[in-house]
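Asks: There's a structure below that I have some questions on.
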Amino acid sequence: MNMLRPLSALLIFLFFIPNGYGSATITPEQLAQKVYDRYVGDDMQVKGTMELISKKGHFRSRDFISARKDKGEERMQLIRFTSPADIRGTAFLTIEQEGSSKTEQHLYLPALKRTRRIVASQQGRSFVNSDFTYEDMQRHPVDDWTYQIEGEENILGRTCYILTSIPKPETDTQYSKVTSWIDKEHLIVLKTLFWDDKNRQSKNYRVNTFEIVDGIATETNVLMTDLQSSHQTRLTTQKIVYNSGLDDSLFTKRAMEK
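Numbering (the UniProt record's numbering), first residue to last: 1 to 258.
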């Protein structure tokens with residue numbers, strides 16, 4: 001599952017590994033559903049920066065804007081890069097149905113003036129050369145995984161549940177296991193470790209800072225590290241706006257190609 005929040009705009013899908021540890025009155029699956037259903041606004045807009053950091057510490061910076069809207073059982077997300085010139089205009093559209101693995105993803109490449117659909121066989125590929133994959137940019141339904149609690153630990157001074165999530169045999173995923181540290185109060189993921197299909201620890205996601213924006217716990221600086229290559233991707237938000245009444249027309253292939 002995936003749970004990256006605002007970067008949720010970028011990461012509105014990304015890493016939603018619902019957790020499951022609680023009192024005797026709640027099961028892991030029930031708590032997982034609570035995390036999945038956590039209110040993140042009816043819509044949101046984000047202005048942010050993506051930094052690609054090499055093993056030697058060299059930086060490449062990209063600016064992006066993102067918008068997300070929840071409408072009934074549908075979640076729509078559009079990300080557009082605004083600079084530098086080599087990526088300006090590149091846009092990524094995701095349309096997700098609640099509780100379904102049938103998510104649509106489309107990538108617009110302005111240099112080719114062409115939109116292509118991301119198919120299932122491409123889910124493990126890098127998203128615009130970052131350390132996030134296309135799979136990380138969407139949520140899996142709660143029922144796609146089984147859960148086990150490993151204990152509790154403090155992250156950023158917050159008490160977190162430690163949840164290990166294992167995909168069911170029929171779940172289409174690049175990961176064999178995911179362990180997440182989930183803030184007990186706000187139900188957001190503050191750290192996640194990913195294991196690949198060879199059972200090797202492959203990536204580490206960590207929230208560096210988060211803020212309460214309009215009553216919603218919102219990540220403002222996160223870092224994804226590829227543990228095999230030591231390459232990193234940092235996402236930082238400069239502006240976040242919730243519940244501004246975004247129009248559905250923003251979330252179409254026609255809009256992403258403008």
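Heads up, the beta-carbon is just placed ideally off N, CA and C, and yes, glycines get one too. Nothing here was measured: the structure is a model prediction, and the numbers come from that model.
In the DSSP assignment, what residue or residues form a beta bridge with Ser61?
Replies: Looking at the DSSP assignment, Ser61 forms a beta bridge with Glu51.
Asks: Is the beta carbon of Ser180 closer than 8 Å to that of Ser165?
Replies: Closer than 8 Å, so yes.
Asks: Work out the CA separation of Gln45 and Ile212 for me, nearest whole Å.
Replies: 15 Å
Asks: What are the uninterrupted segments assigned as alpha helix (DSSP H) that are 4 or more residues long and contained completely in the stretch 127-167, given in chain order?
Replies: none
Asks: Applying the criterion that 16 or more other CB atoms from any shown protein chain within 10 Å of the CB defines a buried residue, is His58 buried or exposed?
Replies: exposed
Asks: Check whether the stretch 91-102 touches the stretch 137-151, taking contact to mean three or more Cβ pairs, one atom from each stretch, closer than 8 Å.
Replies: yes
Asks: Can you list, in chain order, the residues of its chain with a C-beta nearer than 7 Å to that of Glu135? Leave out the 5 residues immediately preceding and following it.
Replies: Gln123, Gly124, Thr173, Gln174
Asks: Buried or exposed, going by whether 16 or more other CB atoms sit within 10 Å of the CB of Thr82?
Replies: exposed
Asks: Check each candidate in Asp144, Thr133, Ile182, Gln148 and name the one with the smallest Cα separation from Gly157.
Replies: Ile182
Asks: Using DSSP with H/G/I as helix, E/B as strand and the rest coil, what is Glu98?
Replies: Under the three-state reduction of DSSP output, Glu98 falls in the coil class, being neither helix nor strand.
Asks: Reducing DSSP to helix, strand and coil, say where Leu187 ends up.
Replies: coil
Asks: Please identify the residue among Arg38, Gln30, Arg200 whose C-alpha is closest to the C-alpha of Val189.
Replies: Arg38
Asks: At the level of alpha carbons, what is the spacing between Glu104 and Ile118?
Replies: 8 Å
Asks: Using beta-carbon positions only, say whether Asp143 and Gln232 come within less than 8 Å of one another.
Replies: no
Asks: Comparing C-alpha positions only, which one of Asp70, Lys47, Val35, Glu51 sits nearest to Asn243?
Replies: Asp70
Asks: Pairing CB atoms from the stretch 219-234 with CB atoms from the stretch 26-34, are three or more of them under 8 Å?
Replies: Too few Cβ pairs lie closer than 8 Å, so no.
Asks: Relative to the C-alpha of Val241, which candidate in Gly41, Lys191, Glu257 has its C-alpha closest?
Replies: Closest option to Val241, Cα to Cα, is Gly41.
Asks: By a C-beta neighbour count over all protein chains shown, 10 Å radius and 16 as the cutoff for buried, is Asp43 buried or exposed?
Replies: A residue is called buried once 16 or more other Cβ atoms fall within 10 Å of its Cβ, and Asp43 is buried on that count.
Asks: Give every residue of the same chain whose Cβ lies closer than 7 Å to the Cβ of Met224, excluding the five residues on either side of it in the sequence, and list them in chain order.
Replies: Same-chain partners within the cutoff: Asp131, Phe132, Lys203, Tyr205, Gln232, Thr233.
Asks: Which residues in the same chain as Tyr108 place their Cβ atom closer than 6 Å to its Cβ, once the five residues preceding and following it in sequence are excluded?
Replies: Ala91, Thr115, Met256, Glu257
Asks: CB of Gly72 to nearest heavy atom of the ligand SAH: below 7 Å?
Replies: With respect to the ligand SAH, the structure shown offers nothing to examine, as it has no ligands at all.
Asks: Considering Cα atoms alone, identify which of Lys47, Ala67, Tyr36, Asp196 is closest to Asp247.
Replies: Ala67
Asks: Which word fits Lys239, buried or exposed, when buried means at least 16 other C-beta atoms lie within 10 angstroms of its C-beta?
Replies: exposed
Asks: Could you give the first and the last residue of the continuous alpha helix (DSSP H) run that contains Glu29?
Replies: Unbroken alpha helix (DSSP H) run through Glu29: 28-36.
Asks: For my contact list, Thr220 and Thr209 are in at a C-beta cut-off of 8 Å; report their separation, rounded to the angstrom.
Replies: Indeed they touch by this definition, with Cβ atoms about 5 Å apart.
Asks: Let me confirm a value: Gln77 is counted as buried when at least 16 other C-beta atoms fall within 10 Å, else exposed. Which label applies?
Replies: buried
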